[in-house]
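First to last, the protein sequences are chains A and B.
The opening position of the first sequence corresponds to residue 11 in this note's numbering, with each subsequent residue numbered one higher.
The opening position of the second sequence corresponds to residue 11 in this note's numbering, with each subsequent residue numbered one higher.
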Amino acid sequence: MKARILARANVLKIVDLLCQQGYEVVAPFCGRGRDTYFDTVTEHNRDQVQIHLPNPYYPPKRFVFPHIERLLKLQRDNGEIHIEPTYEEPKRAIFGIRSCDIAGIYHLDRFYLGRDFRDVYYENHRKNLFLVNVACTDPSQDISDDCFCVCTDTGPAARDHFDLQLMDLGDEFMAVAGTPVGETLFTDPIFKKATEAHVARRHAILDETRKHFKTMTSWFSATVRYVSQGEILDKTWEEIGNRCLECGGCTYVCPACTCFTVSDRQIGANEFERVRVWDACALSGFTRMAGGFNPRRAVHDRRNRRFFRKLAHHFIQRELSMACVGCGRCVAVCHGDIGMPTVVEMIRRATTEVDQ
Amino acid sequence: MSTPITENVYLPKTTVLERVVCEIPEVKTFYWRFQDPAEQKMFQRFRPGQFAQVSLFGVGEFPTSLPPSPTENETFFTVRQVGSCTSALHRLNPGDQFAVRGPYGNGFPMEEYQGKNLVFVAGGIGLIPLRSCIVCALQNRQRYQRIQIFHGAKTPKELMYVPNLQEWEQTPGVECHLTVDRAADGWKGNVGVVGSLFKKPGVQVPVDNTIAFVCGPPVMFRFVIKDLLGMGFQERNIVSTLERYMKCGVGKCGHCCIGVAYVCVEGPVFTYEQIKKLGEDI
């Protein structure tokens, strides 16, 4: 582990360093009330960048997999059709991305660039992306009652898949490089050598932080097993489905959801653009075909689908990570209270009931 | 990471519509070619049972099966007018352009069928996806044992690929049986559901060493499966191709995923044994 120490007052100098290197830096800011969001850092808002704050609901996933993304431009001229792909290749850094969202991006990497598949649009967003992870150590700001990354093994401090990780040690911050690109920052004089005492302090802080998580779904692995083997009763899925309002909110805030739809929209007289837009398996039209036939009619079929896709062993093995990173956003946005931990608990209860 | 990326799986290539043939009401066959002969040559390597994504300017993209056999030197789609994209395709005239990408999906594992009897059961436009497999098998007739084709339609006017049916009826070594739900226009053949053909005098469906291909509307599918299982067919020897809402064709958009399978990648050709495990309505 390549670790360095920097003074608290120098933390935002990392943002400056990245800006100097030509990165568009996005970082978390506080809005009104509880609202927090990622935005591009400018000279005007640079001092308002937050280190500790509740994780924004709108996940930083959109910087690699935009909510709405243009794929192609289609033009018609005298009956001739011209199709041109449009690419965006930003050089971007995300400062202050949480460990759960790091795991989300790793999951998307495996999905869009794993095995022999390459999604060129995703790759263009990803290839110059620099990730500065901030470990969650402030129980009053970073960790909410809904967080459960300790159960999905994705936090409070990511172990890999970041370029640089920062951890608040009090007066100082520890910086850990996760990639050679991240390590190049250490040539700047703000970074000092870390001592054994610093490492011990890091461990102590993490141990203490873990005690603050309220949502502990220790039944996760059992649920993965039951879901993978198709042993969950229809009755249980119906119970879960009955509470779904089919708003699709869980998928929109999920850092690991990958589904999209494609649509063509007019941008000029004889000009259209083909865009891909996040889609949600909770919506009834998700599987409906042109003739009207819908193989997945009941809402519980669709809930079953979401949790099966996230928890089935087949997909965990394929993507080498689970499509749930324990960020707790679905818990916060779901009106029916069927976020991941509740579903795990409902499955636990239903399964233990069957055993009795 | 800095090598320029050129390959784009979502990029369709432009094609020209050459001619249109009306098959049955609302169903037409569209013969087309890529503008770029190199694209045409690449595409021509598709396997029977695969599908393609078709783009209509200003409307969108839809998936459709490839009814030609790779052994024919033609590329065409047979499409029922049902939604906005298919309606836009139906409005095109010869010479008009659209765009195609593909081929996608697993296709029929033709090599696995060698030395076996092939029984095709198609209801209505279910003959479209099976046509590629039938034509391919007939082009390599010596590789297979008996070949039987059962095709049913609502009325005689709705029988698919009539010139092909007439040709298959005359081909030695091919048993082609037709049926309609309602007789009309001096129809002298069988009247009844497609399953009724199995019990017709003179028809003997081989069960051992046989692959049965079933395609058609959901209700027909369920009854034919019941008939075949009743005759002693094993679930792994019954094959079908599934239809799903698809946006990407490459296993990413998520719409066609059933159980652990992405229909566009692991399918659309599945055995009944696999379909049952996937656990969703046909």
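Virtual Cβ for every residue (Gly too), placed ideally from N, Cα, C.
Span of the alpha helix (DSSP H) around residue i
i: residue 384 of chain A; result: Here chain A comprises residues numbered 11 to 366, so residue 384 of chain A is not present and cannot be evaluated.
i: residue 68 of chain A; result: It is not in any alpha helix (DSSP H) - residue 68 of chain A carries neither H nor E in the DSSP assignment.
i: residue 287 of chain B; result: 282–288
i: residue 47 of chain A; result: No alpha helix (DSSP H) contains residue 47 of chain A, which is instead part of the beta strand (DSSP E) from 46–50.
i: residue 167 of chain B; result: Per DSSP, residue 167 of chain B belongs to no alpha helix (DSSP H) and is neither H nor E.
i: residue 144 of chain B; result: 137–149
Chain A contact for residue i (CB, 7 Å cutoff)
i: residue 276 of chain B; result: no
i: residue 263 of chain B; result: yes
i: residue 21 of chain B; result: yes
i: residue 92 of chain B; result: yes
i: residue 60 of chain B; result: no
i: residue 67 of chain B; result: yes
i: residue 11 of chain B; result: Low confidence applies to residue 11 of chain B: its pLDDT is 38, below 50, so where it sits in the model is not reliable, and the reading given next is rough at best. By this cut-off, residue 11 of chain B is an interface position.
i: residue 136 of chain B; result: no
i: residue 281 of chain B; result: no
i: residue 4 of chain B; result: Beyond the ends of chain B as shown, which are 11 and 292, falls residue 4 of chain B; an answer cannot be given.
i: residue 257 of chain B; result: yes
i: residue 27 of chain B; result: no
i: residue 127 of chain B; result: no
i: residue 107 of chain B; result: yes
Closest Cα partner of residue i within the set the options
i: residue 270 of chain B; options: A:326, A:218 and A:45; result: A:326
i: residue 92 of chain A; options: A:100, A:200, A:101 and A:82; result: A:82
i: residue 207 of chain B; options: B:132, B:229 and B:252; result: B:132
i: residue 59 of chain A; options: A:40, A:71 and A:76; result: A:40
i: residue 124 of chain B; options: B:49, B:22, B:54 and B:156; result: B:156
i: residue 260 of chain A; options: A:234, A:57, A:359 and A:313; result: A:313
i: residue 447 of chain A; options: A:71, A:307, A:223 and A:112; result: This structure cannot speak to residue 447 of chain A, because chain A is shown only from 11 to 366.
i: residue 335 of chain A; options: A:102, A:44, A:31 and A:115; result: A:115
i: residue 143 of chain B; options: B:260, B:82, B:17 and B:33; result: B:82
i: residue 211 of chain A; options: A:86, A:29, A:178 and A:43; result: A:178
i: residue 280 of chain B; options: B:266, B:289 and B:248; result: B:248
i: residue 6 of chain B; options: B:57, B:36 and B:272; result: Outside the modelled stretch of chain B, which goes from 11 to 292, sits residue 6 of chain B, for which no answer is possible.
i: residue 321 of chain A; options: A:98, A:354, A:181 and A:203; result: A:354
i: residue 263 of chain B; options: A:63, A:22, A:265 and A:287; result: A:287
i: residue 192 of chain B; options: B:40, B:104 and B:200; result: B:200
i: residue 229 of chain B; options: B:136, B:267 and B:244; result: B:136
i: residue 287 of chain B; options: A:266, A:240 and A:294; result: A:240
i: residue 243 of chain A; options: A:182, A:13 and A:357; result: A:357
First and last residue of the uninterrupted beta strand (DSSP E) at residue i
i: residue 126 of chain B; result: Here residue 126 of chain B belongs to no beta strand (DSSP E), and DSSP marks it neither H nor E.
i: residue 107 of chain A; result: 102–107
i: residue 60 of chain B; result: Careful: residue 60 of chain B lies outside any beta strand (DSSP E) and carries neither H nor E.
i: residue 87 of chain A; result: 78–87
i: residue 109 of chain B; result: 107–114
i: residue 274 of chain A; result: 270–278
i: residue 229 of chain A; result: Element bounds for residue 229 of chain A: n/a, residue is neither H nor E.
i: residue 49 of chain B; result: Residue 49 of chain B -> not in any beta strand (DSSP E); alpha helix (DSSP H) instead, spanning 47–53.
i: residue 141 of chain A; result: 140–144
CB contact check: residue i to chain B, cutoff 7 Å
i: residue 28 of chain A; result: no
i: residue 91 of chain A; result: yes
i: residue 300 of chain A; result: yes
i: residue 324 of chain A; result: yes
i: residue 374 of chain A; result: Since the first residue shown for chain A is 11 and the last is 366, residue 374 of chain A is missing from the structure and cannot be characterised.
i: residue 24 of chain A; result: no
i: residue 152 of chain A; result: no
i: residue 86 of chain A; result: yes
i: residue 139 of chain A; result: no
i: residue 95 of chain A; result: yes
i: residue 170 of chain A; result: no
i: residue 190 of chain A; result: no
i: residue 76 of chain A; result: no
i: residue 305 of chain A; result: yes
i: residue 274 of chain A; result: yes
i: residue 81 of chain A; result: yes
For residue j and residue i, believed in contact at Cβ under 8 Å, the rounded distance
i: residue 290 of chain A; j: residue 296 of chain A; result: 7 Å
i: residue 190 of chain B; j: residue 209 of chain B; result: With 8 Å as the limit, residue 190 of chain B and residue 209 of chain B do not qualify as a contact, their Cβ atoms being about 16 Å apart.
i: residue 25 of chain B; j: residue 44 of chain B; result: 5 Å
i: residue 34 of chain A; j: residue 95 of chain A; result: With 8 Å as the limit, residue 34 of chain A and residue 95 of chain A do not qualify as a contact, their Cβ atoms being about 22 Å apart.
i: residue 290 of chain B; j: residue 246 of chain B; result: Their Cβ separation, rounded to whole angstroms, is 19 Å, which puts residue 290 of chain B and residue 246 of chain B out of contact at 8 Å.
i: residue 106 of chain A; j: residue 37 of chain A; result: 5 Å
i: residue 238 of chain A; j: residue 165 of chain A; result: Incorrect: roughly 24 Å between the Cβ atoms, too far for contact.
Return the chain-ordered ranges of every alpha helix (DSSP H) run that is complete within the stretch 164–222 of chain B and spans a minimum of 4 residues.
172–180
Alpha helix (DSSP H) segments (min. 4 residues) lying fully within the stretch 233–276 of chain B:
273–276
Starting from the N-terminal side, write out each stretch of the alpha helix (DSSP H) that is 4 residues or longer and does not extend beyond the stretch 304–361 of chain A.
309–321, 323–329 and 339–343
What runs of the alpha helix (DSSP H), each 4 residues or longer, lie entirely inside the stretch 193–264 of chain A?
206–220, 230–238, 244–252 and 259–263
Any alpha helix (DSSP H) of 4 or more consecutive residues that is wholly inside the stretch 13–38 of chain A:
23–30
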